[in-house]
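Which chain is which? The protein sequence lines are A and B, in order.
Per this note's numbering, residue 6 is the first one in the first sequence, and the count goes up by one each step.
Per this note's numbering, residue 3 is the first one in the second sequence, and the count goes up by one each step.
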Amino acid sequence: GAGVSQTPSNKVTEKGKYVELRCDPISGHTALYWYRQSLGQGPEFLIYFQGTGAADDSGLPNDRFFAVRPEGSVSTLKIQRTERGDSAVYLCASSTGPGREQYFGPGTRLTVT
Amino acid sequence: EDQVTQSPEALRLQEGESSSLNCSYTVSGLRGLFWYRQDPGKGPEFLFTLYSAGEEKEKERLKATLTKKESFLHITAPKPEDSATYLCALTQTSYDKVIFGPGTSLSVIP
Chain A
6 GAGVSQTPSN KVTEKGKYVE LRCDPISGHT ALYWYRQSLG QGPEFLIYFQ GTGAADDSGL
66 PNDRFFAVRP EGSVSTLKIQ RTERGDSAVY LCASSTGPGR EQYFGPGTRL TVT
Chain B
3 EDQVTQSPEA LRLQEGESSS LNCSYTVSGL RGLFWYRQDP GKGPEFLFTL YSAGEEKEKE
63 RLKATLTKKE SFLHITAPKP EDSATYLCAL TQTSYDKVIF GPGTSLSVIP
């Protein structure tokens, strides 16, 4: 069956620009998570959705980061005024509910020049 | 502060040489502890969930165990295809976010 998909796979942008990263979860999974992973480190939690609502956004580093999931399926992570420090792999995962095993997409590699 | 640490940072094994990876955690109320495998350039792949001390799960050459302070991932007679980074993660009873450890990079040499 179809797994979690993320687009684009790679994104290069200039400092100060706006970017959107898309996540398409496994059909029927109500929980959706965004993470950021730097080289040699484990994924760092950003935000968790249960259905359409952000149940926990405590990991968003600042107000330049925002995520939506308007219909409880596809989610978009939005980053305004990108900075070089935002360069990382952004991972999306979905699960059947909080505290359950997560299924990850391949990630979007974001490079800010 | 809730924390997950993993050791060793990197491990190099000969094919067939069994070993264990450690995940130590401090959390006020553990809901679940997870092990994932991550290959270069890919997202993590789920391996096991453990919910209570004393619980064990097995899959092929891998066996995960859990105590009140740590979890072990035992690898028996590893093969080169077991080479990957192994990540430990946990969820806590009072919040839904997931905390990942830094991972152990395993290399199995033929």
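Using N, Cα and C, we set each Cβ at its ideal position, and we do this for glycine too.
Only a predicted model underlies this, so the values are computations on that prediction, with no experimental measurement involved.
- THR28/B, buried or exposed, once every other Cβ within 10 Å from all chains shown has been counted against 16: exposed
- Query: Does DSSP classify ARG89/A as helix, strand or coil?
  - Reply: helix
- Message: Give me the chain A residues within the contact set of ARG14/B, using Cβ-Cβ distance strictly less than 7 Å, ordered along the chain.
- Response: Residues of chain A passing the Cβ test: none, with the nearest at roughly 16 Å.
- Range of the contiguous beta strand (DSSP E) that encloses THR118/A: Unbroken run through THR118/A: none, as it is neither H nor E.
- Please confirm if the stretch 11–27 of chain B is in contact with the stretch 58–78 of chain A, defined as three or more CB-CB distances below 8 Å between the two stretches. no
- Task: Round the Cβ separation of PHE50/A and LYS99/B to the nearest angstrom and send it over; I've been treating them as touching at under 8 Å.
- Result: 5 Å
- DSSP beta-bridge partners for GLN55/A? ALA36/A and GLY58/A
- Task: Could you tell me if ARG41/A is buried or exposed, where buried requires 16 or more neighbouring beta carbons within 10 angstroms of its beta carbon?
- Result: buried
- Task: Could you tell me the distance, in whole angstroms, from the CA atom of GLY102/A to the CA atom of ALA36/A?
- Result: 5 Å
- Query: What residue does the beta strand (DSSP E) around ARG14/B start on, and which one ends it?
  - Reply: 12–16
- Is the distance from the Cβ of TYR53/B to the Cβ of LEU68/B below 9 Å? yes
- Message: Can you list, in chain order, the residues of its chain with a C-beta nearer than 6 Å to that of SER22/B? Leave out the 5 residues immediately preceding and following it.
- Response: PHE74 and HIS76
- Output, in chain order, the set of chain B residues within a Cβ distance shorter than 8 Å of GLY33/A. Per Cβ cutoff of 8 Å: no residues; GLY33/A is ~17 Å from chain B at best.
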